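*Asks:*
Protein chains: 2
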Amino acid sequence: MSDGAPAPLLTEVDHVAIAVADLEAAIDYYRRTFGVTPVHRERVESDGVEEALIAVAESYIQLVSPTRPDSPVAGFLERRGEGLHHVGYRVTDCAAALQAVREAGGRLIDEVPRPGSRGTTVAFVHPKGALGTLIELVQE
Amino acid sequence: MSDGAPAPLLTEVDHVAIAVADLEAAIDYYRRTFGVTPVHRERVESDGVEEALIAVAESYIQLVSPTRPDSPVAGFLERRGEGLHHVGYRVTDCAAALQAVREAGGRLIDEVPRPGSRGTTVAFVHPKGALGTLIELVQE
Chain W
12 MSDGAPAPLL TEVDHVAIAV ADLEAAIDYY RRTFGVTPVH RERVESDGVE EALIAVAESY
72 IQLVSPTRPD SPVAGFLERR GEGLHHVGYR VTDCAAALQA VREAGGRLID EVPRPGSRGT
132 TVAFVHPKGA LGTLIELVQE
Chain D
12 MSDGAPAPLL TEVDHVAIAV ADLEAAIDYY RRTFGVTPVH RERVESDGVE EALIAVAESY
72 IQLVSPTRPD SPVAGFLERR GEGLHHVGYR VTDCAAALQA VREAGGRLID EVPRPGSRGT
132 TVAFVHPKGA LGTLIELVQE
């Protein structure tokens, strides 16, 4: 477009991430209440989290709990308690999407894409300058 | 199941709702950054909000701003600032899903389903007892 807006970059709401103190209790909540169970679990040491992914159509509910006290998710739980932590938007090309965010004046947490869970390539965009929303760009 | 968990109730992540102070600025952020634009806008007087829905595959990003000072979203913005406000899970039968939440011991905001935006039938589940997450059940 003439004003520099990119072509549509988002192909799916990849996941909604919910920070929880007790991963087993959170999994049990979703099973008892909505009859849904994780299709994938993973410990991501670099982020200091363990996550459980519940598939809902082409998206996931990502339950995420800290594995160590200095994990960013531990800090989030301390400040705000359990609740919505971030949203993951699926993109075709994480590096290209990151560049689009940069060109639009966004503030990046990851300057370059890095490995995410379940073999994805990801990058986080800072909530400051993104409507207060921590955004993860996810390339499968 | 023998422990009373229901059959799977969630058919889609219907929407991720982001509370924003300035709806036009928020729409502009998504257009400039990700090249996406609303497919629907609606003022919901009963909730004191105006919303813009950006379609991403079968889900929506719901940008929501208050239309009056006593709107719950106005209170949210005052307490926490802009950011993730709630998640909408699509269900086949809102009344049945609400009953499942009730039977699992969940705390309800809406005791019975009511009209939502774009002709949907909805009910909200209280974050207390739902991992700190405000959940909207959405039947299309």
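Chains W and D, in that order, are what the protein sequence lines are.
Using the working numbering, the letters of the first sequence map in sequence onto residues 12 to 151.
Using the working numbering, the letters of the second sequence map in sequence onto residues 12 to 151.
We treat Cβ as the ideally placed atom computed from N, Cα and C, and that holds for glycine.
On a predicted model such as this, the values are computed, not experimentally measured, just so you know.
Using a Cβ distance threshold of 8 Å, determine whether the stretch 62–78 of chain D contacts the stretch 46–56 of chain W, with at least three qualifying pairs required.
*Replies:* no
*Asks:* Please give the ranges of any alpha helix (DSSP H) in the stretch 89–121 of chain D, keeping only runs that are unbroken, at least 4 residues long and fully inside the region.
*Replies:* Fully enclosed alpha helix (DSSP H) runs of 4 or longer: 105–114.
*Asks:* Got a sec, what are the start and stop residues for the beta strand (DSSP E) T129/D sits in?
*Replies:* Correcting the residue identity first, residue 129/D is Arg in this sequence and not Thr. Where R129/D is concerned, there is no enclosing beta strand (DSSP E), given that its DSSP letter is neither H nor E.
*Asks:* Can you tell me the Cα-Cα spacing of I29/D and E53/D, whole angstroms?
*Replies:* 15 Å
*Asks:* Specify, as a first and last residue, the run of the beta strand (DSSP E) that A36/W falls within.
*Replies:* Looking at the DSSP string, A36/W is not in any beta strand (DSSP E); the run it does join, the alpha helix (DSSP H), is 34–45.
*Asks:* Measure the Cβ-Cβ separation of P126/D and T132/D and say whether it is below 9 Å.
*Replies:* yes
*Asks:* With DSSP as the reference, please indicate the residues paired to F135/W in a beta bridge.
*Replies:* E147/W
*Asks:* Pick out whichever of I65/D, V84/D, A111/D has its Cα sitting closest to the Cα of E56/D.
*Replies:* It is V84/D.
*Asks:* Using 8 Å as the Cβ pair cut-off and three pairs as the minimum, do the stretch 13–27 of chain D and the stretch 56–71 of chain W touch?
*Replies:* yes
*Asks:* Show which residues of chain W have a CB atom less than 8 Å away from the CB atom of P49/D.
*Replies:* Under the 8 Å cutoff, chain W gives no residues; its nearest Cβ is about 13 Å from P49/D.
*Asks:* So, for G59/D: in the same chain, excluding its five sequence neighbours on each side, which residues have a beta-carbon less than 8 Å away from its beta-carbon?
*Replies:* Take G59/D, set aside five residues on each side of it, and the residues of its chain with a beta-carbon closer than 8 Å to its own are P77, T78, R79, D81, S82, P83, V84, A85, in chain order.
*Asks:* According to DSSP, which residues form a beta bridge with V75/W?
*Replies:* A30/W, E62/W
*Asks:* Drop a sphere of 10 angstroms on the beta-carbon of M12/D, count the other beta-carbons inside from all chains shown, and report buried for 16 or more, exposed for fewer.
*Replies:* Low confidence applies here, because M12/D scores a pLDDT of 47, under 50, leaving its location unreliable; read the following figure in that light. Classification of M12/D: exposed, given that the 10 Å Cβ count is below 16.
*Asks:* What's the call for V123/W, buried or exposed, on a 16-neighbour Cβ count within 10 Å?
*Replies:* exposed
*Asks:* What residues from chain W crowd round A37/D, counting only those whose CB sits closer than 7 Å?
*Replies:* L142
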